[in-house]
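Visitor:
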Amino acid sequence: PPPFPCQTKNSSSTLSTLNTFLHLTPAQRQYQIATKTTSLLDFTTDPRRTGRTCIMLISKAILRLRSPTTGLACRSTSSINNQRQFNSTAAPSRLNYTAAPSRPPSSPSSSSLAVTSFDDLVKSNFPGAISNTDLLQKVIPTLGAKGFTFTNTLLATSLCADELARVLEDDFVKIYGNNFNLGGLSGFPFAGNTGFGAMAAHIPDDGFCLLIHGPHVGICKNGTIGKVERRGIAMIDNCCGSAIAASNYLYGITNGGAEISPKLQLFSDFQQGAVQELILPFGKRLGKLKGEERMKELPYALYDSQEVLVKDIVDTGKGGIKKGLALLGGIQINTGPDTDDYFHPLRFDYYDDTGEVADCMLELIMSNEQ
-15 PPPFPCQTKN SSSTLSTLNT FLHLTPAQRQ YQIATKTTSL LDFTTDPRRT
35 GRTCIMLISK AILRLRSPTT GLACRSTSSI NNQRQFNSTA APSRLNYTAA
85 PSRPPSSPSS SSLAVTSFDD LVKSNFPGAI SNTDLLQKVI PTLGAKGFTF
135 TNTLLATSLC ADELARVLED DFVKIYGNNF NLGGLSGFPF AGNTGFGAMA
185 AHIPDDGFCL LIHGPHVGIC KNGTIGKVER RGIAMIDNCC GSAIAASNYL
235 YGITNGGAEI SPKLQLFSDF QQGAVQELIL PFGKRLGKLK GEERMKELPY
285 ALYDSQEVLV KDIVDTGKGG IKKGLALLGG IQINTGPDTD DYFHPLRFDY
335 YDDTGEVADC MLELIMSNEQ
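The letter at position 283 of the sequence shown is residue 267 when you use our numbering, and the numbering goes up by one with no holes.
(1) Roughly how many angstroms separate the alpha carbons of I121 and N239, rounded to a whole number?
(2) If K205 and N222 are in contact, beta carbons under 8 Å, what's the gap, nearest whole angstrom?
(3) List the whole-angstrom C-beta distance separating K302 from Y335, where the pair is believed to meet the contact cut-off of C-beta under 8 Å.
(4) Between G304 and the rest of its own chain, which residues show a CB-CB distance below 7 Å, the 5 nearest in sequence each way excluded?
(5) When the Cα atoms are used, what is the spatial distance from A227 to S170?
(6) Starting from the C-beta of F132, find all residues in its chain whose C-beta is less than 6 Å away, skip the five residues before and the five after it, and write them out in chain order.
(7) What does the alpha-carbon distance come out to for the pair L270 and I263?
(8) If the criterion is Cβ atoms closer than 8 Å, does the pair I124 and I159 meet it?
(9) Which residue marks the beginning of the alpha helix (DSSP H) containing G360, and which one marks its end?
(10) What residue ranges within the segment 199 to 238 form continuous beta strand (DSSP E) runs of no fewer than 3 residues, ordered along the chain?
(11) Do you know how far the Cα of A145 is from the Cα of A218?
(12) State yes or no: is the C-beta of V201 within less than 8 Å of the C-beta of I315?
(13) Taking the alpha-carbon of L166 as reference, which of F332, Q255 and I349 has the nearest alpha-carbon?
(14) Which value, in whole angstroms, describes the spacing of the CA atoms of S142 and N177?
(15) Helix, strand or coil for P173 per DSSP?
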């Protein structure tokens, strides 16, 4: 028999909670999951997965609750806490529901070992990087403590045009709703002062803005940096293509005989021309680096260049900040379609309604304690 037999009153209560949850909007569901304000956490699986998995499992749980022949094995609060405590020392935490008699513990599969080794691989190449899932689980409660919610917050992003950059963007869209896009190639804030002013005007009355910016870089399963597997494409592809093109342009100037291109004003490729010019001050920093060492340093050089622009844009438009603005800057690290992406936070500041930095929150999300 199931280890925690489900009593009728528990089934009825759980069904009522589930039905209430499923009548929320997707943003409301995701917000409750992320902020742990829902009692349905026992129906989620691996916390590294997206909210879609949670919703799917909740739906399955409802079907089981309604079935006259199948009962849901409800876990008591104490048993859940005990299981979490056990998992925290034995393996990555998993919050799950039991719909059948429990099975004996099995040895880790090769796929789970692969995920663990890939996590180590990413973090060894990019110290300080955390998975997107971990990032959300730390950023959302931190902002929630300052009053950010899905109803009073406008999400703004300055990320690359590459579809892989949408992964991080979409993760936050599920929490705060559609984003205002300020970025272009390589993540530079090409919308500029005009774009920031328009964005600020869209912030809810007495509300907040979360602005996320930064370049991105790919990493393959075999550890190759600057490359990434893309869904439906057999060939391993460059990531970020715009950044690599700019790097090659810079290398030709600093280590070859190439001349600075006058094509910055070429309207049909204005953004790439700008990226190439904006990276020129980092020629000495990148120097004679080649291969993976250059690919590791390139996104950080791009970030420093972008940071100058973002700071100027925010300082110029800070009069449009309403209740507050959170600025999250860092490096996106894109992986293949079957693994979680990562982010290396380099800045997480809170601007108050006067437009001044009132709190540096970077340590709160970089700490092992959530």
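Built from N, CA and C at the ideal position, the CB exists for glycine as well.
This one's a predicted model, so the numbers in the text were calculated from it and none came from an experiment.
Guide: For this structure:
(1) Numbered from its first residue, the sequence shown carries residue 121 at position 137. Numbered from its first residue, the sequence shown carries residue 239 at position 255. Note on identity: in this sequence residue 121 is Gln, with Ile being the wrong assignment. Between Q121 and N239, the C-alpha separation is close to 44 Å.
(2) Residue 205 sits at position 221 when you count from the first residue of the sequence shown. Residue 222 sits at position 238 when you count from the first residue of the sequence shown. With 8 Å as the limit, K205 and N222 do not qualify as a contact, their Cβ atoms being about 16 Å apart.
(3) Your numbering for residue 302 matches position 318 in the sequence shown. Your numbering for residue 335 matches position 351 in the sequence shown. At roughly 7 Å, the Cβ-Cβ gap stays under 8 Å, so K302 and Y335 are in contact.
(4) As a position in the sequence shown, residue 304 is number 320, starting the count at 1. Within the same chain, G304 has close Cβ partners G181, A184 and A185.
(5) Translated into the one-based positions of the sequence shown, residue 227 becomes position 243. Translated into the one-based positions of the sequence shown, residue 170 becomes position 186. The alpha-carbon atoms of A227 and S170 are separated by roughly 6 Å.
(6) Against the sequence shown, residue 132 aligns to sequence position 148. Result list for F132: F192, in chain order.
(7) For the purposes of this step, residue 270 is identified with residue 286 of the sequence shown, where counting begins at 1. For the purposes of this step, residue 263 is identified with residue 279 of the sequence shown, where counting begins at 1. Their backbone Cα atoms lie some 10 Å apart in a straight line.
(8) Within the sequence shown, the letter at position 140 stands for residue 124. Within the sequence shown, the letter at position 175 stands for residue 159. Yes, Cβ-Cβ distance for I124 and I159 is below 8 Å.
(9) This structure cannot settle anything about residue 360, because the visible part of the chain is limited to -15 through 354.
(10) 200 to 202
(11) Indexing the sequence shown from 1 puts residue 218 at position 234. Indexing the sequence shown from 1 puts residue 145 at position 161. Looking at the two C-alpha atoms, the distance is approximately 22 Å.
(12) Position 217 of the sequence shown holds residue 201. Position 331 of the sequence shown holds residue 315. Their beta carbons are under 8 Å apart, which means V201 touches I315 by this criterion.
(13) The residue you call residue 166 lines up with position 182 of the sequence shown. The shortest C-alpha separation from L166 is found at Q255.
(14) As a first step, residue 142 is located in the sequence shown; it is residue number 158 there, counting from the start. As a first step, residue 177 is located in the sequence shown; it is residue number 193 there, counting from the start. Rounded to the nearest angstrom, the two C-alpha atoms are 13 Å apart.
(15) Indexing the sequence shown from 1 puts residue 173 at position 189. DSSP, read as helix, strand or coil, puts P173 in coil.
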